[in-house]
Structure formats: C-alpha cells, structure tokens
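Here the structure comes first, spelled out in structure tokens, and everything after it is commentary.
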Amino acid sequence: EPEVTQTPSHQVTQMGQEVILRCVPISNHLYFYWYRQILGQKVEFLVSFYNNEISEKSEIFDDQFSVERPDGSNFTLKIRSTKLEDSAMYFCASSVSRGGNQPQHFGDGTRLSIL
Amino acid sequence: AQSVAQPEDQVNVAEGNPLTVKCTYSVSGNPYLFWYVQYPNRGLQFLLKYITGDNLVKGSYGFEAEFNKSQTSFHLKKPSALVSDSALYFCAVRDVTTDSWGKLQFGAGTQVVVTP
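Going down the list, the sequences are from chains R and P.
The first sequence: position 6 = 6 (my numbering), numbered continuously.
In my numbering, each number is its position in the second sequence, counted from 1, plus 115.
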C-alpha cells in the first residue's frame, strides 16, 4: 500500500537554526498537510497546501514557518529560526482530494528536538 | 468552531472482551468524523470514517464506530479486543460546511491497553 514518507525520522537542531523537514506524499495525492504533536499534547493542524499555494494555516503557522513543493514529489516544511517550543513531532499528510470522504494519510513523523 | 473530546485518557480491557473508545464532537455544520490509531514511533493510521448514510461504519482490523447525531458522539468499538490493539486512538472531525476543508481537529487521544 502506498505510504507517505518523511525524512529525517529525528532532527536535532540548535535554537535559532533553520530546519527543513521533508515529506514525500502518496504519488496521486494532490492535497498536502502538516501537523505537529508536542509531547503529551494533541495533534495540531499547521497548514494545508494545494496547487502550489497555502489553502489554510493555523495561528501556530507564523512567519517563521513556510512550506514548499520544490518538485513533483517532495513537500517541505521550513522553520526559519527555531525556538525551544518548536520541539515536537511533525507529521506530513496527504489526501487524493479535498472532499470530506477522503481520509488524510499520515507519515511516521519527524521528531524535532531543539537544544 | 469545531472540537473533539475524548473523555478517557486510558481504557483498560482484557483480551477477548469488547472494547469501546468514546468520542464526542462539536461542529457548527455537518461533521465528517474519523478514527486514527497510532502505534509507538509511528504515524497516525486511518481506521474508519463517517461521512453520511448508515450510522454504523465498519473499518480496518475489525473496528466499527457508531455515529449518534443527537448525542454528537462517534464511539469506536471492537467486539473482541486483541493484545495487538494496544495503541493510542484519536478521534478527529472536519466541518465540511465551512471553508476549512482540510483541517482535521483531533481529540486528545485515548490510550488503549489490552491485557492477555
């Protein structure tokens, strides 16, 4: 069964550094998402992306965050200047359409640790 | 605004017994409801969904869920639990009558522990 793949599985970064989290969505999917899960807390929506532009973003997704689909397969989340509170598990997801009857399929996540 | 509540942090059940994981939701319009399961060090794995139609939906690994509009609930059930069902379960809702088509709102999760 096709899967969403994320790299790296664990990223350790110094506070203030830039980090890029990478995702390869399922190949025929057109809608892409990032979520995060701070340890012990809920999974939170960050951003949705379609047709090379952001469709919706949460209040968490401030100017430090950006997303990009640099080629036909990758979908990246960049955090420009990381803070301690950015430490979390980041999940990429994709869906074949925006229709409500299509579930989002998640990758295994990248654990981001900010020192 | 949409929200999801999972009132139990943990559910303990003996193998072979029925398993129920509770979920209630709040949306301004029509809900699309989902259950996901998360095994250690893995992502969220889709189990089942309610979109419309029959209130009882069946999903993967023998799980089912019942949509109850009057009680705004979507409880996950399995008639006979297995030790391998031990995992973290998340209920999620999407309000499809708003422009927020992509945003899934998750509950806090319920840890299921199935003992042999």
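We put the beta carbon where it would ideally sit given N, CA and C, even for glycine.
This structure is a prediction, so every number in the text was calculated from the model and none was measured.
{"Asked": "Interface residues of chain P facing Q104 of chain R [CB-CB closer than 7 Å]", "Found": "L219"}
{"Asked": "Sequence-distant residues of its chain with Cβ nearer than 8 Å to E68 of chain R (five each side left out)", "Found": "F75, T76 and K78"}
{"Asked": "Residues that M89 of chain R bridges to, as DSSP identifies them", "Found": "R:Q37 and R:R111"}
{"Asked": "Helix, strand or coil at D200 of chain P according to DSSP, with G and I counted as helix", "Found": "helix"}
{"Asked": "Identity of the residues DSSP links to F75 of chain R by a beta bridge", "Found": "R:C23"}
{"Asked": "Residue-chain proximity (Y31 of chain R, chain P), Cβ-Cβ < 8 Å", "Found": "yes"}
{"Asked": "Alpha-carbon spacing of L171 of chain P relative to G144 of chain P, whole angstroms", "Found": "20 Å"}
{"Asked": "Against chain R: residues of the region 147-166 of chain P by CB proximity under 8 Å", "Found": "Y147, F149, Y151, N156, R157, G158, L159, Q160, F161, K164 and I166"}
{"Asked": "Cross-chain neighbours of F205 of chain P in chain R, by beta carbon under 7 Å", "Found": "V43"}
{"Asked": "Coarse secondary structure for L163 of chain P, derived from DSSP in three states", "Found": "strand"}
{"Asked": "CB contact check: A120 of chain P to chain R, cutoff 8 Å", "Found": "no"}
{"Asked": "One or two residues paired with H190 of chain P in a DSSP bridge", "Found": "P:E181"}
{"Asked": "Cβ contact check for the region 192-207 of chain P and the region 215-230 of chain P: 3 or more pairs under 8 Å", "Found": "yes"}
{"Asked": "Continuous beta strand (DSSP E) stretch holding Y151 of chain P: start and end", "Found": "P146 to Q153"}
{"Asked": "Span of the beta strand (DSSP E) around N28 of chain R", "Found": "Looking at the DSSP string, N28 of chain R is not in any beta strand (DSSP E), and its letter there is neither H nor E."}
{"Asked": "G217 of chain P burial status per 10 Å Cβ neighbour count (16 or more: buried)", "Found": "buried"}
{"Asked": "Cβ-based burial, L115 of chain R [other Cβ within 10 Å; buried from 16]", "Found": "exposed"}
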